[in-house]
Amino acid sequence: MAALRHVKALTFDVTGTLVAFRGRLGEHYLASAKRCGVRFRNENLVALENGFDKAYAETHELYPCFGAGAVSTKDWWRRCIVRSFEIARDDEGHDPDTPALDAGQQERVFQRIYSLFGSHVTYGVFPDVVPFLTWARRKGIVTGIISNADERYGDALLPMLDLSDHLDFNVFARDVHAMKPEPRIFDVAVEKANVARSALHGADASTPIAPEDVLHVGNSFSKDFVGARNAGMKAVLLDRFGGDEGDEWRSRGAPVVRDLTEVLEHVARGNYALGTAAAPPTVDF
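So, in structure tokens, the structure goes:
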């Protein structure tokens, strides 16, 4: 029987994988603007959400990786949020529901939304996450984040959600000037995984973690599955809500699971195991 190959590190996307987004973006934007005295007639959530999508893409085009090396994260989001309202108004035509914001309103609305999106109102943790990460640490597996996000996730959001102590390293797009599916962000994750493994477990530097020793878990076919595989890692996609997207991923050759328990089951079915033990992993959390 062929020897099992061991996964020595697990990496994760954040939103939709470990962290759940609460509510609807349009509702959060609308409520924040109303609290700042902005008046809407019909409360067109779709227009605001479409405006955000376009503003987000536009701002990334102007300032890639959340403005790394060019503008601060906060200024990046200030532009994106203000532009969301501007685009929503422009796209609604001659009689828009979304009002024009004056300079004072722009700043007040921005500050409220920016603060809101760093709070428990907008983010929570999926119930299987902490037990899974606790299990992984007990098995001596290094765990970390690979995210197309800014550093605020690591500085504020993950600590607020009590996840920082359960993770060994973070890699965010702004910090490394690269975004999934670019190979560099995955390469940096492997480097950080080795540093963490040495610091936490005193691992021998002569047997470092290689890309093929890492299993990445995410929820985007192109960014997480293709990106990780192209970087030499193993990858599995997490379809927490059982939508049509999961069926599409399977049809394109990606392994798909519904929760983190199934990640272990996926590993056990393959010719590799989590951790350093000689036996396949068991679901014991």
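Using numbering that gives the first Met the number 0, read the sequence shown as starting at 0 and increasing by one per residue.
Glycine included, C-beta positions come from ideal geometry on N, C-alpha and C.
Proximal residues to residue i (C-beta, below 7 Å), its chain only, five neighbours per side dropped
i    : result
R40  : D96
R38  : P98
F220 : L236, W248, R251 and A253
Exposed unless 16 or more other CB atoms sit within 10 angstroms - verdict on residue i
i    : result
R196 : buried
T16  : buried
P158 : exposed
R77  : buried
T142 : buried
T133 : exposed
R173 : buried
G153 : buried
As assigned by DSSP and simplified to three states, the class of residue i
i    : result
Y55  : helix
V70  : coil
H27  : helix
R107 : helix
N169 : strand
R196 : helix
V37  : coil
G226 : helix
L263 : helix
G242 : coil
E91  : coil
N49  : helix
S219 : coil
Residues that residue i bridges to, as DSSP identifies them
i    : result
K233 : L214
A19  : G123
I144 : F11 and N169
V189 : Partner(s): none; V189 has no beta bridge.
V256 : L237
Beta-carbon contacts of residue i that lie in its chain and below 6 Å, excluding the five residues immediately before and after
i    : result
G274 : K138, G139 and I140
G50  : S83, I86 and A87
K53  : I86
A8   : V141, A192, I208 and V213
Assumed close pair residue i, residue j - CB separation to whole angstroms, cut-off 8 Å
i    : j    : result
V170 : I145 : 5 Å
F224 : A192 : At roughly 19 Å, the Cβ-Cβ gap does not stay under 8 Å, so F224 and A192 are not in contact.
G231 : P210 : 3 Å
N147 : P182 : Not a contact, Cβ separation roughly 14 Å.
L160 : V18  : 7 Å
Neighbourhood of residue i by C-beta, 8 Å cutoff - its chain only, sequence neighbours within 5 removed
i   : result
L29 : F39, E42, L44 and L47
V6  : I140, D212, V213, L214, K233, V266, Y271, A272, L273 and G274
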